[in-house]
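Trainee:
Residue numbers (the numbering used here): 75 to 168.
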């Protein structure tokens, strides 16, 4: 008995599997992704609030306040990027 899964010498190898032959349906975005994005934005805003408190705290040393200012700046850049991407996605959907 021949096994179909093993090609014989001289036979062309079919490189397309059954998975590749199935038509691909575009999946809708899951609502959980939207919730995840909103949770991420919330956490970044909370991080901004906390870092702003630290960088404005006169009891901390100058080096510590500079460190918190740098963290605040990086967090704000990430948040702005995410919000810009969300806004572009909303504009595309309208």
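Cβ atoms here follow ideal geometry from the backbone N, Cα and C, with glycine treated the same way.
Should residue 126 and residue 146 be called a contact, given that it needs their Cβ atoms to be closer than 9 angstroms?
Mentor: Taking 9 angstroms as the Cβ cut-off, residue 126 and residue 146 qualify as a contacting pair.
Trainee: When you compare only the Cα positions, how much space is there between residue 107 and residue 137?
Mentor: The alpha-carbon atoms of residue 107 and residue 137 are separated by roughly 38 angstroms.
Trainee: Might you give, ordered along the chain, the residues of its own chain that have their beta carbon closer than 8 angstroms to the beta carbon of residue 157, omitting 5 neighbours on each side?
Mentor: So the qualifying residues of the chain are 115.
Trainee: Is DSSP giving residue 154 helix, strand or coil here?
Mentor: Helix.
Trainee: DSSP three-state label for residue 131, please.
Mentor: DSSP places residue 131 in coil when its eight states are reduced to three.
Trainee: Output needed for residue 150: all residues of its chain with C-beta closer than 8 angstroms, excluding positions within five of it in sequence on either side, in chain order.
Mentor: Excluding sequence neighbours, residue 150 sits near 122.
Trainee: From residue 124 to residue 163, what distance separates their C-alpha atoms?
Mentor: Between residue 124 and residue 163, the C-alpha separation is close to 29 angstroms.
Trainee: Quick check: the Cα distance between residue 152 and residue 143, rounded to an integer number of angstroms?
Mentor: Computed Cα separation, rounded: 14 angstroms.
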